[in-house]
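Residue numbers (my numbering): 68 to 276.
So this is what it looks like as structure tokens:
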């Protein structure tokens with residue numbers, strides 16, 4: 068495929084970032100579409116049939132990892148690049164296991180993004196060079212890598228200890244609804260949907276045995 072004839076869909080709920088990438092890419096490619104929601108993304112794929120999807124992990128209603136799994140099953144010819152702030156081995160491994168063609172970091176220069184897009188459209192794979200700088204993770208690296216707050220880390224420790232949301236709320240002297248909100252944000256940031264997946268990630272990071 069001649070890359071200039073390609074169509075690209077950008078899925079990112081950060082509108083300023085989404086608009087900036089769309090503005091940059093429009094002169095280079097045939098068609099650029101945008102979506103800001105995980106569920107809307109699935110309809111946009113059906114409507115536009117893009118050649119390439121630039122996919123954020125933190126999407127409302129359906130996170131990017133789960134959306135990628137669905138799209139890989141239902142639209143195997145679609146090329147997908149995760150474009151995210153998360154420089155963490157768990158997400159990189161997840162992207163590779165799903166069979167995605169690329170993984171780019173949002174703080175990389177624009178020429179890296181363009182190079183990655185052209186490489187993937189030409190049939191190759193592109194993983195951000197910055198990812199190679201990841202080595203052994205500490206607890207602090209884990210928190211910073213996923214942008215977890217101190218309170219969210221406290222909630223994770225409670226969940227890993229087998230406590231209910233009510234017990235965690237009592238331990239932390241916060242409202243039950245606040246714990247539910249923290250739990251929802253934790254799952255979103257980690258790209259997971261269940262306590263089982265949280266335990267799996269925590270084992271990978273050495274939080275639990």
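Glycine included, each C-beta is placed from N, C-alpha and C at the ideal position. In this text the structure is predicted, and so the values were computed from the model without any measurement.
When DSSP reads this structure, residue 220 sits in no beta bridge, so it has no partner.
Counting other Cβ atoms within 10 Å of its Cβ, residue 118 reaches 16 or more and is therefore classed as buried. Below 8 Å, enough C-beta pairs join the segment 118 to 129 and the segment 90 to 107 to call them touching: three or more.
Here residue 171 is buried. Its C-beta has 16 or more other C-beta atoms within 10 Å. Look at the segment 122 to 157 and you find these whole runs of alpha helix (DSSP H), each 4 residues long or longer: 131 to 141. C-alpha of residue 220 to C-alpha of residue 240: approximately 15 Å in a straight line. Residue 107 has its alpha-carbon roughly 23 Å from the corresponding atom of residue 153. The residue from 81, 268, 187 and 259 with its alpha-carbon nearest to that of residue 74 is 187. Looking at the backbone, the Cα of residue 166 and that of residue 139 are separated by about 8 Å.
Here residue 122 really is in contact with residue 149; their C-beta atoms are around 5 Å apart, less than 8 Å. Listed in chain order, the non-local C-beta contacts of residue 243 below 8 Å within the same chain comprise 232, 233 and 236, local neighbours out to five positions each way being set aside.
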